[in-house]
Each structure stands twice: as C-alpha cells, then as structure tokens.
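For the sequence shown, the numbering used here assigns the number 262 to the last residue and increments by one with no breaks.
Backbone N, C-alpha and C fix where the C-beta goes; we use that ideal spot for every residue, glycine too.
Below you'll find the structure, written out as structure tokens, and then a few comments.
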Amino acid sequence: MGSSQNSRSSTQDGAISSRAGFADTCWTQLFEARIAASTERCNILDFLIRRYWKPVYCYLRRAGCAEEEAKDHVQEFFAVCLRDDFFTKADPKLGRFRNFLLTALKHFVANARRAALAQKRHPAGGFAFIDDSAFAEEHRAALRQTETPEEIYRRTWLKELVARVLKRLEQDCRASGKELHYQLFHRHLVAPVLEGATPLPLQELATPAGLTAKDAANRILTVQRAFRRLLKEEIRLYACSEEEVAEELRDLKRFLAR
C-alpha cells in the first residue's frame with residue numbers, strides 16, 4: 005500500500021505525523037501539548053477537534069439539543085476545553101480516549117450556562133473547519149432511532165473511524181494501481197454492511213471486469229488485509245496498549261455485525 009504508519013505525513017483530514025508502535029498517539033500528543041509552544045499546541049488540539057467533533061455533535065443532538073443549539077454547544081465545548089487546557093489533563097490510566105472525551109462532554113453539558121457562555125462562544129475567527137456546511141444533517145435518520153446519547157456517540161465514533169480508514173485505503177489502492185481491487189472489496193464487503201446494498205455473488209462482480217471468481221476473491225483478500233492493517237494503525241493513534249487495540253477491534257466487529 006502507498007502509505008504506512010512509519011512515514012505518515014499530514015493529510016487533508018488533519019492527520020499528524022506518527023511513528024511506529026505507540027510513540028505518537030492522541031495521548032502522547034496531549035502530553036506534548038502541555039509543554040509545547042503556543043502554535044504547536046494549537047496544531048495538536050486542532051487535530052483532535054477535527055477528528056472528534058462529529059461524535060460530540062451527534063451526542064448533543066440525541067441528548068435533545070436542536071440543530072442550532074447543538075452547533076453552538078460543539079463550538080462552546082471545544083472553546084472551553086481549549087481555554088482551560090482541559091485536554092492536557094487527560095490520563096490514559098483512566099481509560100479509553102473516547103470515554104475521556106465523553107466524560108468531559110457530559111460534565112460540560114451538566115454545567116453549561118448559556119448566558120454565561122454566550123460571550124465566550126465562537127473563539128476569534130471560530131473553528132474554520134466547523135462551519136455550517138460541516139453540520140449537514142447526514143445523521144438525521146440515525147437520530148430518529150431509539151439510541152441513548154451514549155450509544156449514538158459510540159456508533160458515530162466507530163463510523164468515523166471506519167470512514168477514515170476506508171479513505172486511506174482507497175487512496176493507497178489508487179496510488180498503487182489497485183483501483184479495481186478496492187472497487188471489488190467495497191462492493192462485495194463494504195457496501196452490504198455500511199450501505200445496506202444487496203450482496204452480489206463473486207462471479208457477478210468478476211465477469212464485467214474480465215476476471216474469474218477466484219481472481220476477484222484474491223484481489224478482495226489483498227485489500228481486506230490492507231484494511232485490517234490500516235485499521236489497527238488508526239486505532240493505535242488513540243489507544244495506549246495492544247489490549248486496548250484488541251478491545252476496540254472487538255467493539256468495531258460488533259458494530260459492523262449489526
């Protein structure tokens with residue numbers, strides 16, 4: 005594949021450099037933010053917000069906030085976290101990063117005073133990447149389901165995780181001339197699970213591409229292995245142990261099996 009954990013560079017979705025193993029995760033980035041210069045600290049926190057605002061937004065919507073109110077609260081929550089250096093107080097010994105973020109969000113919601121926060125809303129210039137277009141109601145149908153705020157937060161977190169990995173996977177396949185590999189993988193395994201598409205027999209997928217069913221299966225397996233590798237790399241960005249990686253993979257497997 006075209007990219008690896010050892011040579012990851014900045015990307016459009018705000019990814020930051022990562023070294024092998026657990027040397028550079030969300031946790032260690034937060035620890036570095038405690039002593040980093042102002043600009044570097046803003047870059048680190050910017051990375052975190054870019055990746056995790058959507059689960060926060062969906063939690064707020066499920067918790068009863070109207071669309072505009074939820075938008076305001078997303079801005080307010082991260083503004084307060086930045087102002088108070090809340091993220092730099094995180095401790096991996098207390099559990100998963102996403103659970104830490106959820107606890108912080110619950111605390112914010114419970115203590116929010118809209119009148120008191122009104123003057124602090126929207127930091128100077130706002131968060132450029134959290135504009136009205138970013139809040140498109142793509143989760144409207146999901147919000148009608150009978151999930152708790154915690155459940156929809158977790159589901160959105162996992163959905164965003166898969167989306168980031170699929171984006172990287174598609175880019176890698178395109179860079180290495182394996183576009184057809186990815187298309188077969190997506191149509192055979194991804195679309196039926198994430199989009200509710202009707203699963204197609206391998207031969208039906210293979211014939212238009214001039215392949216045998218066995219050839220199609222081998223190409224799908226190649227991409228499937230790359231997906232698993234990239235998935236583990238992505239989870240290691242915010243996990244602090246291999247045990248936590250395994251636990252997150254089990255959660256994801258249960259999520260995809262629904």
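- Between the alpha carbons of Asn222 and Asp176 lies a gap of roughly 18 Å.
- Shown here, Arg233 sits in a helix according to DSSP, grouped into three states.
- DSSP places Asp176 in the uninterrupted alpha helix (DSSP H) bounded by Pro153 to Ala179.
- In the structure shown, Cys244 falls within a coil segment according to DSSP collapsed to helix, strand and coil.
- Inter-residue distance for Lys171 and Cys69 is about 30 Å (C-alpha atoms, whole angstroms).
- The Cβ atoms of Pro196 and Leu64 lie no closer than 9 Å to each other.
- Here Ala210 is not near Ala201, since their CB atoms are 9 Å or more apart.
- For Lys110, the enclosing alpha helix (DSSP H) stretches over residues Phe101 to Asn115.
- Between Leu184 and Glu238, the gap from beta carbon to beta carbon reaches 9 Å or more.
- By the beta-carbon neighbour count (other beta carbons within 10 angstroms, threshold 16), Leu241 is buried.
- Inclusion of Ala243 and Phe112 in the CB contact set at 9 Å is not warranted, their separation being larger than that value.
- With contacts defined as CB atoms closer than 9 Å, Ile224 and Leu173 fail to qualify as a contacting pair.
- Annotation for Ala67: Val113 and Pro153 place their beta carbon closer than 7 Å to its own, counting only its chain and skipping 5 residues before and after.
- Residue environment analysis places Asp88 among the exposed positions, since fewer than 16 neighbouring C-beta atoms fall within 10 angstroms of its C-beta.
- Bounds of the alpha helix (DSSP H) holding Leu209 are Leu206 to Ala210.
- Taking a 10 Å sphere around the C-beta of Thr160, we find 16 or more other C-beta atoms and assign the residue as buried.
- Pro59 counts as buried, since at least 16 other C-beta atoms from the protein chains shown sit within 10 angstroms of its C-beta.
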